[in-house]
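Trainee: Numbering (this note's numbering), first residue to last: -1 to 475.
1. Taking the continuous alpha helix (DSSP H) assigned at residue 32, which residues delimit it?
2. Run the CB neighbour count on residue 105, radius 10 Å, all protein chains shown included, and call it buried at 16 or more, exposed below.
3. State the CB to CB distance for the pair residue 26 and residue 252, rounded to an integer number of angstroms; the pair is presumed to be in contact (CB under 8 Å).
4. Since residue 377 sits in a beta bridge, which residues does DSSP pair it with?
5. For residue 415, which residues does DSSP report across the bridge?
6. Quick one, which of 213, 153 and 226 has its alpha-carbon nearest residue 192's?
7. In three-state DSSP terms, what is residue 66?
8. Between which residues of its own chain and residue 197 is the CB-CB distance below 8 Å, once the five residues before and five after are set aside?
9. Just to confirm the assignment, what range does the beta strand (DSSP E) spanning residue 167 have?
10. Kindly confirm or deny that the region 79 to 94 and the region 194 to 214 touch, where touching means at least three C-beta pairs closer than 8 Å.
11. Let me make sure I understand the geometry here. Which of 132, 314, 229 and 261 has the alpha-carbon closest to that of residue 177?
12. Residues in the same chain with beta-carbon distance under 7 Å from residue 116, minus the five sequence neighbours each way, listed in chain order, please.
13. Would you tell me roughly how many angstroms separate the C-alpha atoms of residue 309 and residue 294, rounded to the nearest one?
14. At the level of alpha carbons, what is the spacing between residue 422 and residue 245?
15. In this structure, does DSSP put residue 400 in helix, strand or coil?
16. Could you give the distance in angstroms between the alpha-carbon of residue 478 and the alpha-carbon of residue 315?
17. Which residues in the same chain as residue 111 place their Cβ atom closer than 8 Å to its Cβ, once the five residues preceding and following it in sequence are excluded?
18. What are the partner residues of residue 276, as DSSP defines its beta bridges?
19. Tell me, please, which residues DSSP counts as bridged to residue 408.
20. Taking only the alpha-carbon atoms, compute the straight-line gap between residue 311 and residue 335 and give it to the nearest angstrom.
21. Less than 8 Å between C-beta atoms, sequence neighbours within five positions excluded: which residues of the same chain meet that for residue 426?
22. Could you tell me if residue 437 is buried or exposed, where buried requires 16 or more neighbouring beta carbons within 10 angstroms of its beta carbon?
23. With 16 as the cutoff for other CB atoms within 10 Å, does residue 510 come out buried or exposed?
24. Is it the case that the Cβ atoms of residue 257 and residue 210 are separated by a distance below 8 Å?
25. For residue 42, which of 156, 143 and 91 has the nearest alpha-carbon?
26. Checking 8 Å against the spacing of the C-beta atoms, do residue 343 and residue 329 come in under that value?
27. Leaving aside the five residues before and after residue 456 along the sequence, list all residues of the same chain whose C-beta is less than 6 Å from its C-beta, in chain order.
28. Does the Cβ-Cβ distance between residue 302 and residue 351 come in under 8 Å?
29. Determine the contact status of residue 283 and residue 416, defining contact as a CB-CB distance below 8 Å.
30. Might you give, ordered along the chain, the residues of its own chain that have their beta carbon closer than 6 Å to the beta carbon of residue 458, omitting 5 neighbours on each side?
31. Looking only at its chain, what residues have a beta carbon closer than 8 Å to the beta carbon of residue 19, apart from the 5 residues adjacent to it on each side?
32. Would you list the residues sitting across from residue 214 in a DSSP beta bridge?
33. DSSP three-state label for residue 126, please.
34. Could you pull the start and end residues of the alpha helix (DSSP H) that residue 293 belongs to?
35. So, with DSSP's three-state summary, where would you put residue 94?
36. By the 10 Å Cβ neighbour count, where 16 or more other Cβ atoms means buried, how is residue 102 classified, buried or exposed?
Below is the structure:
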């Protein structure tokens, strides 16, 4: 392997310096690490996975099922399905009343999953590993009628590989994390379902890493739904990468060093294999109770806590100062044109929480009182809070009132984070039933399947049951 040497401690290749002391071939180092990942994914046996990891997978899967159905209920998603003309097929459009071709289901479910900013995330990955990989894996599992154990292993592989690529990627300022580092996870999960060899799985992961989207974060703050389509593209690219590998077409050249590194930022291949099989990042994620960007959640939580104080008087607020870490300090917009741009506005989220006590999928966008208060929300970066990343995504909120009174609350992480007020299964079920009031039966089926999936002989029919009935779809219109 030119330009690399293998570490005796890890078995992973590292760069050999050239005459000037520089790493001569980062691609070869990344290829070696990807090879280790490929071997781990192809050999992943659910029976050897710790019980607590399988239990967490069940909860993440329930959240994915339910949140996808919530997104599918939006009018613009109904309109998209109508013009898509997806042919009937084996894969469910979750919550949408029918099953369609695998690729269409993967794309449309991926978009629906992220459309209301309710999907599970992981602060160590700096994004949403499950949303990158689960739609593709579930669609392919329905097509193949895979076993429950293989499907669960593939979902777990998709999450863990995506998170490792997220950890490895330090994106340039302005890059949105949807549709780039997570594609490798989508490819890994699909490769595991297809039963590919270690070498072919590594090639699939590498191909997925080479299909990164260079999306700008301002697309989200501007309210451009292309930002949601990036997750549909992630699902499709993961399927394509695995199929290329199955055909013998894909190669593992360490392309992530170029696509995620040279072009989009910096890439540290050591993150791909650190504590592999020992650290399970799926147990360290967060669930969301607010329909908004995760960076806004701690501020909303702080204001909701203050709202319970006797001295809190919403009508007398003169200013709300939100001190945040550097990652969340850019969501300063005080004007929004649609729900997507509102969900990426800390002033909107904070004002809505202060005045209504909730930030949900149906929160009013054009309430004059919310718009007025939002203009009095000031968001700034605080060095002491930035220093606490990534373990904490802390926020300090100071609310000032007309009589000179002040209330202050600091929170280390949002409610729902595994490290801070984690949500139980019952909490997730309660949220989903509140967001899907006309489809309680779908939520119940999702709960049952999330529990039963690992032990099912075949999963196709059960997954198609999550499309819901024609009657349930009519209830959405």
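Glycine residues also receive a C-beta, built at the ideal position from the N, C-alpha and C atoms.
Mentor: Quick answer:
1. Sequence index remark: in the chain shown, residue 32 carries index 34 (1-based). For residue 32, the enclosing alpha helix (DSSP H) covers residues 24 to 40.
2. The residue labelled residue 105 in the question sits at position 107 within the chain shown. The residue is buried, with at least 16 neighbouring Cβ atoms inside 10 Å.
3. Here residue 26 corresponds to residue number 28 of the chain shown, with the count starting at 1. Here residue 252 corresponds to residue number 254 of the chain shown, with the count starting at 1. Going by Cβ atoms, the distance from residue 26 to residue 252 rounds to 6 Å, so yes, they are a contact pair.
4. Position 379 of the chain shown, counted from the start, is the residue given in the question as residue 377. Paired residues: 320.
5. Residue numbering aside, residue 415 sits at position 417 when the chain shown is read from its first letter. Answer is 284 and 418.
6. In the chain shown, counting from the first residue as 1, residue 192 sits at position 194. Ranking the options by Cα distance to residue 192, first place goes to 153.
7. As a first step, residue 66 is located in the chain shown; it is residue number 68 there, counting from the start. Reduced to three states, the DSSP call for residue 66 is helix.
8. By one-based count along the chain shown, residue 197 stands at place 199. Excluding sequence neighbours, residue 197 sits near 33, 36 and 250.
9. Numbered from 1 along the chain shown, position 169 holds the residue referred to as residue 167. Element bounds for residue 167: 167 to 169.
10. Contact annotation: the region 79 to 94 does not touch the region 194 to 214, with fewer than three C-beta pairs closer than 8 Å.
11. As a first step, residue 177 must be located in the chain shown, where it is residue number 179. Here the closest residue by C-alpha is 229.
12. Locating residue 116 in the chain shown gives position 118, where the first residue counts as 1. If the five residues before and after residue 116 are omitted, its C-beta is found closer than 7 Å to the C-beta atoms of 65, 68, 286 and 289, all from its own chain and listed in chain order.
13. If you number the chain shown from 1, residue 309 lands on position 311. If you number the chain shown from 1, residue 294 lands on position 296. The straight-line gap from Cα to Cα measures roughly 24 Å.
14. Locating residue 422 in the chain shown gives position 424, where the first residue counts as 1. Locating residue 245 in the chain shown gives position 247, where the first residue counts as 1. The alpha-carbon atoms of residue 422 and residue 245 are separated by roughly 42 Å.
15. Position 402 of the chain shown, counted from the first residue, corresponds to residue 400. Annotated three-state conformation of residue 400 is coil, per DSSP.
16. Lying before the first or after the last residue shown, residue 478 is absent from the chain, which here runs from -1 to 475.
17. As a first step, residue 111 must be located in the chain shown, where it is residue number 113. Counting only residues of its own chain and dropping the five nearest sequence neighbours on each side, residue 111 has a CB closer than 8 Å to the CB of 62, 65, 66, 69, 117, 129, 132, 133 and 229.
18. Translated into the one-based positions of the chain shown, residue 276 becomes position 278. According to DSSP, which records beta bridges pairwise, residue 276 is partnered with nothing at all.
19. Start at 1 with the first residue of the chain shown, and residue 408 comes out as number 410. BP columns for residue 408 point to 394.
20. As a working note, residue 311 is residue 313 in the chain shown. As a working note, residue 335 is residue 337 in the chain shown. Within the model, the alpha-carbon separation for residue 311 versus residue 335 is close to 28 Å.
21. Taking the chain shown and counting its residues from 1, the one referred to as residue 426 is at position 428. Counting only Cβ-Cβ distances below 8 Å, and skipping sequence neighbours, we find 57, 60, 61, 64 and 285.
22. As a position in the chain shown, residue 437 is number 439, starting the count at 1. Around the beta-carbon of residue 437, 16 or more other beta-carbon atoms lie within 10 Å, marking it buried.
23. Coverage of the chain is limited to positions -1 through 475, which leaves residue 510 absent and any answer about it impossible.
24. For the purposes of this step, residue 257 is taken as residue 259 along the chain shown, with counting starting at 1. For the purposes of this step, residue 210 is taken as residue 212 along the chain shown, with counting starting at 1. Yes, they are a contact pair.
25. Indexing the chain shown from 1 puts residue 42 at position 44. Nearest of 156, 143 and 91 to residue 42, Cα basis: 156.
26. The sequence position of residue 343 within the chain shown is 345, counting from 1. The sequence position of residue 329 within the chain shown is 331, counting from 1. Going by C-beta atoms, residue 343 is nearer than 8 Å to residue 329.
27. What you label residue 456 is simply residue 458 of the chain shown in a count that begins at 1. Excluding sequence neighbours, residue 456 sits near 143.
28. Within the chain shown, the letter at position 304 stands for residue 302. Within the chain shown, the letter at position 353 stands for residue 351. In this structure, residue 302 sits near residue 351, with a CB-CB distance shorter than 8 Å.
29. Within the chain shown, residue 283 is the residue found at index 285, counting from 1. Within the chain shown, residue 416 is the residue found at index 418, counting from 1. It is a contact, given that the beta carbons lie within the stated cut-off.
30. Here residue 458 is taken as the residue at index 460 of the chain shown, counted from 1. Here the set comprises 140 and 143.
31. Within the chain shown, the letter at position 21 stands for residue 19. Because the pLDDT of residue 19 is 39, which lies under 50, any placement of that residue in the model is unreliable, and the question is left without a value.
32. Translated into the one-based positions of the chain shown, residue 214 becomes position 216. Listed as beta-bridge partners of residue 214 by DSSP are 173.
33. As a working note, residue 126 is residue 128 in the chain shown. Looking at residue 126 - three-state DSSP - the assignment turns out to be coil, as it is neither helix nor strand.
34. What you label residue 293 is simply residue 295 of the chain shown in a count that begins at 1. Per DSSP, residue 293 lies in no alpha helix (DSSP H) and is assigned neither H nor E.
35. Start at 1 with the first residue of the chain shown, and residue 94 comes out as number 96. Correct three-state label for residue 94: coil.
36. Residue numbering aside, residue 102 sits at position 104 when the chain shown is read from its first letter. The residue in question, residue 102, is buried, as its Cβ has 16 or more Cβ neighbours within 10 Å.
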